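In what follows, a structure is listed as structure tokens, so that the remarks can point back to it.
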Amino acid sequence: MKYITLLAGTFMFLLLHGIAWGQDSTKTFYITPELPTPGTTITVHYNPAGTPLEGKDGVTGRLYLFHDFQWEGNDLTLRKNGREWTSSYTVPADGALTVCVFQADTVVDYGGKTTYAYMITDPKGGQMPSAFIGWAFLRNPTGGSFGLPGYDNPEAAIADEVALYWIRQELMHHPTSRRRVFYPAMVLLAKVEGDAKKPRIQQEVDYILSQPDVTEQEMIQVAKVYQQQLQDQVHADSVRKAVVAKFPKGNQAKLQIYKQIEQERDVAKKCAMCHTFLRDYPETQADRAFDYENMVNYSRIYAPIFGVELPKKNYAALIPLVPNASYDMLVLMYYKAIQIGHNTGFMTDEQLLPYAIQIIQRMEVLQTERPASHRHLAPSEWLADTRRSYIGYVVTYVDILKKTGNNAEALRYANVAQEALHYKHAELNGAHAFLLDNAGQTEKRDRVMLASVHENQSTPWILDKLREGYVKQHGNDGGFDAYIQSLKNATEVQAEHDRIGKTMINRKMTDFKLVDAKGKPVTLASLKGKIVILDFWATWCTPCKASFPGMKLAVEKYKNDPDVVFYFVDTQERNAGYKENVMSYITKNNYPFNILFDVKGSGKYNDAVFTKICEDFTISGIPQKLIIDANGNLRFITVGYMGSPTELADEIATMVELTRKAI
-15 MKYITLLAGT FMFLLLHGIA WGQDSTKTFY ITPELPTPGT TITVHYNPAG TPLEGKDGVT
45 GRLYLFHDFQ WEGNDLTLRK NGREWTSSYT VPADGALTVC VFQADTVVDY GGKTTYAYMI
105 TDPKGGQMPS AFIGWAFLRN PTGGSFGLPG YDNPEAAIAD EVALYWIRQE LMHHPTSRRR
165 VFYPAMVLLA KVEGDAKKPR IQQEVDYILS QPDVTEQEMI QVAKVYQQQL QDQVHADSVR
225 KAVVAKFPKG NQAKLQIYKQ IEQERDVAKK CAMCHTFLRD YPETQADRAF DYENMVNYSR
285 IYAPIFGVEL PKKNYAALIP LVPNASYDML VLMYYKAIQI GHNTGFMTDE QLLPYAIQII
345 QRMEVLQTER PASHRHLAPS EWLADTRRSY IGYVVTYVDI LKKTGNNAEA LRYANVAQEA
405 LHYKHAELNG AHAFLLDNAG QTEKRDRVML ASVHENQSTP WILDKLREGY VKQHGNDGGF
465 DAYIQSLKNA TEVQAEHDRI GKTMINRKMT DFKLVDAKGK PVTLASLKGK IVILDFWATW
525 CTPCKASFPG MKLAVEKYKN DPDVVFYFVD TQERNAGYKE NVMSYITKNN YPFNILFDVK
585 GSGKYNDAVF TKICEDFTIS GIPQKLIIDA NGNLRFITVG YMGSPTELAD EIATMVELTR
645 KAI
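Taken in order, the sequence shown gives residues -15 to 647; the numbers are from my numbering.
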């Protein structure tokens, strides 16, 4: 223990007096003035020489402040001064400990074993309340909510004995911290010193419960200590019962109701209980640490509401939920209500628009208003986290706005999304180019179209528009395909060709018998001598239908090649009259597809052939495309749809040509 005390004392010395050895600009990190106090504007100095960021440009920094026993993230505005990056920051009145992190691209420098941490000095020359706690649990996971989420610096990790030392330092210098550090102190005391300390732990438990203003959180912590450290389940249950009585609208009461909802099996009743739960315990006011520890998952409260209200098209029931929903739940709400409703056509875009507006606008508000549960993130981190999911759904929002005639607003959002996606999203590229064309911004439209071709993220509309311009310039489209190919990223084209080549197989294809719309059979034997592309799909499969514009490009590429044939095999249909629905859909969308139908198997669906193929080749899911060579051997299997019509068409064409050469 003496060694630990000396070691911890050395860390304290470095924290308190590190400035003395750190002011030399050749050092990696230091802060001026030497002993920062609350209210002081400090300057952070960082020299990346010898760190993971050495030689990198665009260094960014974040400063995490521990104050009043909680973390708050801040962005540093770094400026390059010779070899150093510097930034200023004003320490709040209750600031106790600062920790800096520096980053360039995806590389992060946490400071290694010594970290980039600094304690704030109080006006009397000591340390501010909670400083020792922040320093301990920055590097030890026992502190729970006192730890800094996402701080990934294992080099700085300290043993439980050292963390306990820092708790004792806190209590020695700031006795008023006793109640705040009760739970982690008891956990560490039990871990480090064992059963011998049970009387001391019981003494602290009694002290907490004797306080006239004891809080619900403290009583819950006492219950956990009874259960975990004192192994006294009777007293733990007794305290929890007292918590509910004393705080009937508190966390423990919420947990009981949550468990009742989880056990409810009546769907309508469960939905009503969830509505009441969200009214009584709004998600924006939730204690995230308590919920996480007790597995209270708000998505399981929203899910029954979605499951009952959305199938009835009662979208109005969602509106009262929006103001108090967390960002994550808004994302889930948008997906369940708007994204699925739009992609499947369950709701018209006119019906979806007012709800989409409210959810999107609320998401935008929350991007600039960090909730208390995420104050540990710097504003830039919070914005980056929220924008990732937001941008993906903005693409759908653009399409809804466009299809409801709100072109100016759609263009504004398309510009926003394009700044983040950089022409790597085909659907956005198509909408963006169309909206620019509609607005008469032809130069910007052309830049979008050319960039989309370069990334191989184009749509048929873009290709048609480029073809139109090519013909206008050259008088015919004779060299158009070669022109388009020349615009693509040659390195990426070759890499994709090589990737596809590595997936080629050579296995005997399952024999099959399918039927066309008139009942005429089509067998594997009847297709001998041809390269066959079978595309298994269903009318209920959104990605299947989303892939059809790309498949249409592939079909048109080979329409005059007698050695290549495409069949689109409808399978796994769930409704009567599906054949009529299939043919109606194909005709309505002007797809030049040869349609075949799977045959009924042992179950109630038309899935016999597809099921046998899945068993033979250990595959599953649709859309599923199979490329078969002229000898009846399966050469390629590709499942799913990545979202780019031109990329899909090129993938199919590459597989066809590789198959042709392999025969």
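Heads up, the beta-carbon is just placed ideally off N, CA and C, and yes, glycines get one too. This structure is a prediction, so every number in the text was calculated from the model and none was measured.
Rounded straight-line distance, which links the Cα of residue j to that of residue i
| i | j | result |
| --- | --- | --- |
| G585 | V593 | 8 Å |
| N124 | T16 | 27 Å |
| R451 | T602 | 42 Å |
| F464 | K541 | 13 Å |
| P91 | A362 | Sequence inspection shows Val at residue 91; the Pro mentioned does not correspond to that position. Each residue's alpha carbon lies about 17 Å from the other. |
| I324 | F330 | 8 Å |
| G66 | P36 | 18 Å |
| F620 | Q212 | 56 Å |
| C258 | D312 | 17 Å |
| S615 | Q478 | Residue identity differs from the one stated: residue 615 is Asn in this sequence, not Ser. C-alpha separation (whole angstroms): 28 Å. |
| S72 | D250 | 58 Å |
| I597 | E353 | 52 Å |
| A633 | T487 | 17 Å |
| K208 | N327 | 47 Å |
| G627 | T475 | 21 Å |
| Y551 | L262 | 50 Å |
| L214 | P232 | 26 Å |
| L350 | D369 | 11 Å |
| R162 | R46 | 30 Å |
| N58 | K181 | 40 Å |
| S604 | E348 | 38 Å |
| E480 | H406 | 20 Å |
Cβ pair residue i, residue j closer than 8 Å
| i | j | result |
| --- | --- | --- |
| L648 | T82 | No information on residue 648 is available, as it lies outside the stretch -15 to 647 that the chain covers here. |
| T555 | I606 | yes |
| A120 | W150 | yes |
| D613 | I579 | no |
| V640 | V548 | yes |
| V379 | H409 | yes |
| L305 | I322 | no |
| E154 | F116 | yes |
| E334 | T388 | yes |
| S373 | V280 | no |
| K254 | I241 | no |
| A80 | G118 | yes |
| V85 | Y102 | no |
| I515 | I611 | yes |
| E267 | G234 | no |
| A237 | V228 | yes |
| W69 | H360 | no |
| G624 | P527 | yes |
8 Å Cβ cutoff, residue i in contact with chain C
| i | result |
| --- | --- |
| T98 | Of the chains in the structure shown, none is chain C; there is only one protein chain. |
Proximal residues to residue i (C-beta, below 8 Å), its chain only, five neighbours per side dropped
| i | result |
| --- | --- |
| M433 | N413, A417, S442, I446, K449, L450 |
| T126 | D144, A147, P168, V171, L172, K175 |
| I468 | V437, L447, L450 |
| R346 | V306, P307, A309, L314 |
Same chain, Cβ closer than 6 Å to residue i, neighbours up to 5 away in sequence not counted
| i | result |
| --- | --- |
| T630 | N440, S442 |
| G6 | At G6, the pLDDT of 37 sits below 50, so the modelled position is not reliable; the number obtained from the coordinates is stated separately. The answer, listed in chain order, is Y14. |
| I653 | With the chain represented from -15 up to 647, any question about residue 653 goes unanswered, as that position is not in the structure. |
| D421 | R429 |
| T507 | K497 |
| T25 | S72, T74 |
| L239 | N278 |
| T494 | K596, I597, D600 |
Same chain only: Cβ atoms within 7 Å of residue i, ignoring 5 sequence neighbours per side
| i | result |
| --- | --- |
| S357 | R272 |
| K11 | N31 |
| V400 | V378 |
| A501 | K563, M567, I579 |
Paired residues, beta bridge with residue i - DSSP
| i | result |
| --- | --- |
| D59 | R46 |
| E68 | N65 |
| V28 | I15, S71 |
| H51 | Q54, G79 |
Contact test: residue i Cβ vs the ligand SAM heavy atom, cutoff 7 Å
| i | result |
| --- | --- |
| T494 | Annotation note on the ligand SAM: not contained in the displayed structure, which lists no ligands. |
### Task
Report the residue ranges of all alpha helix (DSSP H) runs contained in full by the stretch 212 to 290; include only those spanning at least 4 residues, in chain order.
217 to 230, 235 to 247, 251 to 264, 272 to 277
### Task
Please list the segments of the beta strand (DSSP E) lying wholly inside the stretch 539 to 622, counting only runs of 3 or more residues, in order along the chain.
548 to 554, 579 to 581, 608 to 612
### Query
Taking the runs of the alpha helix (DSSP H) that are 4 residues or longer, which of them lie wholly in the stretch 439 to 473?
444 to 458, 464 to 471
### Query
Can you list the beta strand (DSSP E) stretches of 3 or more residues lying completely in the stretch 76 to 119, in chain order?
79 to 88, 91 to 93, 101 to 103
### Query
Which residue spans inside the stretch 295 to 351 form an unbroken alpha helix (DSSP H) run of at least 4?
311 to 317, 324 to 328, 333 to 351
### 3-residue-minimum beta strand (DSSP E) runs that sit fully inside the stretch 470 to 536, ordered along the chain
497 to 500, 505 to 507, 515 to 521
### Query
Residue ranges of each alpha helix (DSSP H) run of no fewer than 4 residues wholly in the stretch 114 to 170, ordered along the chain?
115 to 121, 144 to 157
### Query
Where are the alpha helix (DSSP H) runs, 4 residues long or more, that stay fully inside the stretch 396 to 442, in chain order?
410 to 422, 426 to 438
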